[in-house]
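Working notes, beginning with the structure itself.
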Amino acid sequence: MRSNKKFTNFESTNNIAILFADPSEFIELKEFSFINEAKTVKTPYGIGYIFQLKSFNIYYFQVAIGLINAAAACQYLIDKYNIKTVFNYGAVGTSNSKLKIGEIIFPNKIYLSDAETPWYSFGQTPYEKQYYLNNFSNVNEDINLASSNAFISDLNRLAYIQKHIDVNIFDMEAFALAHVCFKNKVKFKTLKYVSDYIGQNSSSEIVNANIKKGSLKALSKVFDFIVSNEEVK
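Our numbering runs 526 ahead of the 1-based position in the sequence shown.
The following block contains the structure:
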């Protein structure tokens with residue numbers, strides 16, 4: 527989708543980013559009849575689209591997989607487009623069999639599971655916060671997320687992490703995005719969906735199909751929030 531409109535109002539307080547990591551999580555905007563025009567943009571981290579929705583300028587961008595990519599891409603977009611609110615959606619693996627495949631989750635706390643020192647809590651980088659709170663007004667208070675540069679598939683690693691922090695869903699970007707948003711005083715709101723159960727070794731075909739279905743559901747939910755003017759104040 528392309529447009530001849532110029533999207534130059536980067537000083538607006540209504541600049542919203544919608545960020546995803548995995549290319550499989552991308553949803554074609556033609557799926558949404560209310561989006562008429564969009565400008566295609568390339569960044570060092572992937573493709574993006576800029577369009578208007580109601581009174582908001584929307585920046586729909588890939589940040590690439592991994593904590594370093596996510597942090598760098600988020601800072602790049604905040605600086606370039608004066609982003610005021612970041613929505614993030616994406617797949618998570620879970621150890622909680624009560625959560626259903628494709629179920630939308632609003633995690634409460636967002637942890638880093640990669641950092642360890644003798645002097646700080648597990649997952650806490652020295653002098654930084656141990657975790658960040660999801661800025662959605664309503665969250666699943668009993669569900670916390672851990673982000674890592676490693677895909678969590680080993681049950682021994684899972685048990686080691688859960689021995690130290692109360693987490694039951696896992697991704698590879700949310701903590702980095704939350705950290706950058708916190709440093710820049712930008713609101714960060716993440717919603718996730720279950721793509722697989724840790725330790726079950728589901729095939730990549732099944733997981734990717736779950737990712738695509740979950741992404742459409744999650745992005746639709748974000749657009750519902752924006753159109754109804756919820757979660758964007």
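Every residue gets a Cβ at the ideal spot worked out from N, C-alpha and C, and that includes glycine.
Burial state of residue i, where buried means 16 or more other Cβ atoms lie within 10 Å
i           : result
residue 548 : buried
residue 588 : buried
residue 721 : buried
residue 633 : buried
residue 681 : exposed
residue 617 : buried
residue 676 : exposed
residue 571 : buried
residue 685 : exposed
residue 660 : buried
Cut-off 6 Å between Cβ atoms - residues of its own chain near residue i, not counting five sequence neighbours on either side
i           : result
residue 639 : 649, 672, 674, 687
residue 531 : With a pLDDT of only 47 at residue 531, under the threshold of 50, the placement of this residue in the model should not be trusted; the figure read from the coordinates follows. Answer for residue 531: no residue qualifies.
The ligand SAM heavy atom lying under 7 Å from the CB of residue i
i           : result
residue 642 : The ligand content of the structure shown is nil, which means the ligand SAM is not present either.
Cβ separation of residue i and residue j, assumed to be a contact under 8 Å, to the nearest whole Å
i           : j           : result
residue 719 : residue 744 : 5 Å
residue 694 : residue 620 : 6 Å
residue 740 : residue 628 : 5 Å
residue 552 : residue 560 : About 18 Å separates the two Cβ atoms, so there is no contact after all.
residue 631 : residue 583 : Residue 631 to residue 583, Cβ: 27 Å. No contact.
residue 643 : residue 602 : Contact doesn't hold; Cβ gap of about 29 Å is too wide.
7 Å CB neighbourhood of residue i in its chain, flanking five on each side removed
i           : result
residue 757 : 662, 663, 715, 751
residue 574 : 567, 585, 586, 587, 588
residue 641 : 649, 650, 651
residue 529 : Because the pLDDT at residue 529 is just 43, under 50, the model does not fix this residue reliably, and the point stays unresolved.
residue 595 : 571, 589
Test item: CB-CB of residue i and residue j under 8 Å
i           : j           : result
residue 702 : residue 597 : yes
residue 712 : residue 576 : no
residue 580 : residue 753 : yes
residue 625 : residue 699 : no
Neighbourhood of residue i by C-beta distance below 8 Å, restricted to the same chain and skipping five residues each side
i           : result
residue 748 : 544, 613, 615, 717
residue 637 : 649, 656, 657, 670, 671, 672, 673, 691, 693, 701
residue 555 : 527, 561, 564, 575, 577, 586
residue 668 : 634
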